[in-house]
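Residue numbers (our numbering): 273 to 560. Here the structure is laid out as C-alpha cells; the discussion comes afterwards.
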Amino acid sequence: MSPLFNSSIAIIFLICGIAATFIMLELRGAPKDRSINATLIKLHKIFGWIFMGIFLLLLIVMIIKVSGYKEEISSRISFHIVLSLALIPLLGIKIIIARRYPRLSQYLIAFGPIALAFAVALTGLTAGYYFMHSSDIKYVSLTGSDSKILDENLGRQVVNQRCNKCHTLERVYRAVKSEEGWTSTINRMASLDAPNISSFDIKQSIHFLANRQKMLKGKDESQLNKAFGKTIMETKCTSCHSLERIVQAKKGKEKWESTVKRMIKYSGNPEYLTKKAKGELIEYLINK
Ligand code: HEC
Ligand code: HEC
Numbered sequence: 273m274s275p276l277f278n279s280s281i282a283i284i285f286l287i288c289g290i291a292a293t294f295i296m297l298e299l300r301g302a303p304k305d306r307s308i309n310a311t312l313i314k315l316h317k318i319f320g321w322i323f324m325g326i327f328l329l330l331l332i333v334m335i336i337k338v339s340g341y342k343e344e345i346s347s348r349i350s351f352h353i354v355l356s357l358a359l360i361p362l363l364g365i366k367i368i369i370a371r372r373y374p375r376l377s378q379y380l381i382a383f384g385p386i387a388l389a390f391a392v393a394l395t396g397l398t399a400g401y402y403f404m405h406s407s408d409i410k411y412v413s414l415t416g417s418d419s420k421i422l423d424e425n426l427g428r429q430v431v432n433q434r435c436n437k438c439h440t441l442e443r444v445y446r447a448v449k450s451e452e453g454w455t456s457t458i459n460r461m462a463s464l465d466a467p468n469i470s471s472f473d474i475k476q477s478i479h480f481l482a483n484r485q486k487m488l489k490g491k492d493e494s495q496l497n498k499a500f501g502k503t504i505m506e507t508k509c510t511s512c513h514s515l516e517r518i519v520q521a522k523k524g525k526e527k528w529e530s531t532v533k534r535m536i537k538y539s540g541n542p543e544y545l546t547k548k549a550k551g552e553l554i555e556y557l558i559n560k
C-alpha cells in the first residue's frame, strides 16, 4: 500500500475515533429522548467498528513493514509501534466490558478519550508527518543550479544512513549505474520509503553515487559503460531465469536486440527498460 493511501486511511481512522467518542459523551452527558438516543448508539457502534477495522488493517501493514527492516528503527517508528501495541489491550478490554461485564459499564466512558488520545498521537506520528513532508515527494533529478549544494561527503553520509534500512549497503555499492540510472533507482527508493528520503537527500545521493563510479573507473569510458550494462543485466534479467543462461549465450548485436526485445515482451511491461538502458545492456552483452 502506498504511503498516501495509508495516511488517508489513518485520517479516516482518526475521524471515526473522534465521532465515536463524542457521540458517547453526548449520550452519557446529555441524554436526549429515546429515539434520538437509539440512533446515537447505532452511530457510535458503526464508527467504533470502522475504527477497529482500520486499526487492525494498519496493524497488519505495520507488522509486515517492520518485519522487513534490516537495521535499527528510528525513534519515530519505535514510538509508533509502542502506541499501536498499547492500543490492542485497551480496545480489547473495552469491547469485552461492553459485551460481557455490564456491571463495569460505568468505566467504559473513560476508555473512549484514552483510546482517542492514542489514536491522535499515532496518526500525528505517521499521517501527520507524511502530509507535512509530502510536498517534498516528487521525481527529483540533478540540474545545473544544484552544483552549489552538492557535496560528496554529505552524499556519502546520506547513502550510508538512508539506504541500509531495507537492504544492505552492499546492494548499493555493488551496483554501477549512469547518472540517469541512479536518478531513476533513487527516486524509486525514495517513493518506497516516503517521506523519509527528502529531495535534498535524493540529489546528494545521486551526485555521490554517480561520481564515485567515475572516480573508481578512472577515465576509461568504455569500462564504465560495460559496468552500467552489467548492473542492468544483474538487476533486470534475473527475475525469470539464472544469469548463467545469459552469460553463456554468445550473440551478435542483432541477435541480442531481438532476444532482449523478446524478454521485454515476456515481462509484459513495455517500459521494462528505458531506451538508454537497453542500449547499454546490449553493448555489454555483445562484448561481455
Ligand atoms: C523502504 C525500503 C528501501 C530503502 C529505504 C531503500 N531501498 Fe533500495 N531497494 C528496496 C527494495 C524493496 C528493492 C528491490 C526491489 C526493487 O528494485 O524495486 C531495492 C533495490 C535496490 C537496488 C537494486 C535494484 C536496482 O534497480 O539497481 C539498488 C541499487 C538500491 N535498492 C539502492 C538504494 C539506494 C541508493 C537507497 C538510498 C537512497 C535505497 N536503495 C534505499 C527498498 C529500499
Ligand atoms: C519475464 C521473464 C523474463 C525476463 C524478465 C527475462 N527473460 Fe530471458 N527468458 C525468458 C524465457 C521464458 C526464456 C525461454 C524462452 C525463450 O528463449 O524465448 C528466456 C530465455 C533467455 C535466453 C536464452 C535464449 C536465447 O535466445 O539465447 C537468454 C539469453 C535470455 N533469456 C536473456 C535475457 C536477458 C538479457 C534479460 C534481461 C533483459 C532477460 N532474459 C529477462 C524469460 C525472461
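Idealized CB from N, CA, C, for every residue including glycine.
If you check the CB distance, residue 357 and residue 390 do not come in under 8 Å. Of the candidates 441, 395, 380 and 455, 395 places its Cα closest to the Cα of residue 276. Using a Cβ-Cβ distance cut-off of 8 Å, the region 503 to 521 and the region 445 to 456 are in contact, since at least three pairs of beta carbons, one from each stretch, lie closer than that value. Not one heavy atom of ligand 1 is found less than 7 Å from the C-beta of residue 412. The beta carbon of residue 424 sits closer than 6 Å to those of 480, all from its chain and outside the five residues before and after it, given in chain order. Per DSSP, residue 389 is one residue of the alpha helix (DSSP H) stretching across 380 to 395. CA-to-CA, the gap between residue 486 and residue 476 works out to about 16 Å. DSSP places residue 370 within a helical segment (H, G or I) once states are collapsed to three. Exclusion of residue 499 from the 7 Å shell around ligand 1 follows from its C-beta lying no nearer than that to any non-hydrogen atom of the ligand. Between residue 559 and residue 498, the C-beta gap is smaller than 8 Å, which places the two residues in contact. For residue 433 and residue 473, the gap between their C-alpha atoms comes out near 10 Å. If you draw a straight line from the Cα of residue 435 to the Cα of residue 375, it comes to about 54 Å.
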